[in-house]
Structure formats: structure tokens, C-alpha cells
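Numbering (full-length UniProt numbering), first residue to last: 1 to 175.
Below, the structure is given as C-alpha cells:
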């Protein structure tokens, strides 16, 4: 199954497809509630933009209008947490995280996945809390310097793994 729906832009449906793939990887069906979380994440991050220029304008306007964009982003990222928590037990385990990241990047090794998971698992308890995911994801998208959070989607070497999540989504979904 391909992640994108090939409509020429990143849509909320692309995120629903991502969620379906991730759920299947952990042996679950994506229910309506789960699909709603995935669609909401797509709408939050892409705002139904239809081109790369629209998306970058949408994202830049968000940052410009909201000086506390990192805090707001953490709130948005709670939706992402709920989407990834496919069994709805209130935490993300390694299997759920692996399904989430390898749905987009199947070339990630188990070591790459575990590395990213451990970066997010600040308290080392072996599961990811809502707070840990929301905070790490906000750092991933907004840290201007190169931090450990660049590995939010697994240990990352852009040359060998095919670019960042944003590069992949925007270049493969936008025409």
C-alpha cells in the first residue's frame, strides 16, 4: 500500500492512509475514532493547502502569528499521540512507534527505530507518554539547531534514508 493518495498535494486522506498502514502493522484495524485522529493531524499540519508554496506560507504564517507556536504545537501533537496509540491504552509502545515510523520509512532498521524511540522516552520507562511525544515532536519541527530530536522518526541520516519527513511528504505529495 502506498502512503499518498496521488492527488497532487498532501491531504488529510494521506494521513488516514498512514494511520491504516500503521494500525495494520500492529495487527489492528483502524476504527473511525483512530481515522479521525489521523485526519485531524493532517489538517493541523497542512491546513488543506494545495501546493508547496501554500503549505510553506501556511506554516510561516502560523509561526509569525503565534509567538508561542512551540506550546501550541505541543497541543496539536497530542492528536498525533492519540493517532499513534493504536490500542488506546494511553501510552505508545515500541511496536506502535515502529508501525508509525516504518509506514512512511520502511528502510529504517530495528536499531534506527529503537534509537528514535529511546530519544523520545525521556524517563526511560519503555513506553512513550503523551507529554513525551508532544514535546519531542514540537522540538523536531521547530528546533533551529541540530538536536537529538531530529531522530523523532528514528535514527536519521538523510542521505541514506531518503530525506526528512517534511521533505518526503512535500516532495512526493505536492506536484
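No residue lacks a Cβ here, since even glycine has one placed at the ideal position from N, Cα and C.
Computed from a predicted model, the values in this text were never measured in an experiment.
Spatially closest choice to residue i from the options, by CA coordinates
i, options, result
"residue 68", "101, 127, 145 and 138", "138"
"residue 102", "147, 124, 25 and 141", "25"
"residue 238", "40, 152, 31 and 21", "The question about residue 238 has no answer here: the residues shown for the chain are numbered 1 through 175."
"residue 96", "126, 75 and 107", "126"
DSSP state of residue i mapped onto helix, strand, coil
i, result
"residue 30", "coil"
"residue 80", "helix"
"residue 54", "helix"
"residue 75", "helix"
"residue 16", "helix"
"residue 133", "helix"
"residue 163", "Its pLDDT being 49, under 50, residue 163 is placed unreliably by the model, and the measurement read from it follows with that caveat. DSSP places residue 163 in coil when its eight states are reduced to three."
Buried versus exposed, by CB contacts within 10 Å (16 or more), residue i
i, result
"residue 85", "buried"
"residue 77", "buried"
"residue 116", "buried"
"residue 19", "buried"
"residue 71", "exposed"
"residue 57", "exposed"
"residue 65", "exposed"
"residue 42", "buried"
"residue 88", "exposed"
CB of residue i within 8 Å of CB of residue j, strictly
i, j, result
"residue 73", "residue 141", "yes"
"residue 149", "residue 136", "yes"
"residue 32", "residue 23", "no"
"residue 121", "residue 132", "yes"
"residue 98", "residue 37", "no"
Beta-bridge partners of residue i, as assigned by DSSP
i, result
"residue 199", "Shown here, the chain extends from 1 to 175; a query on residue 199 therefore has no answer."
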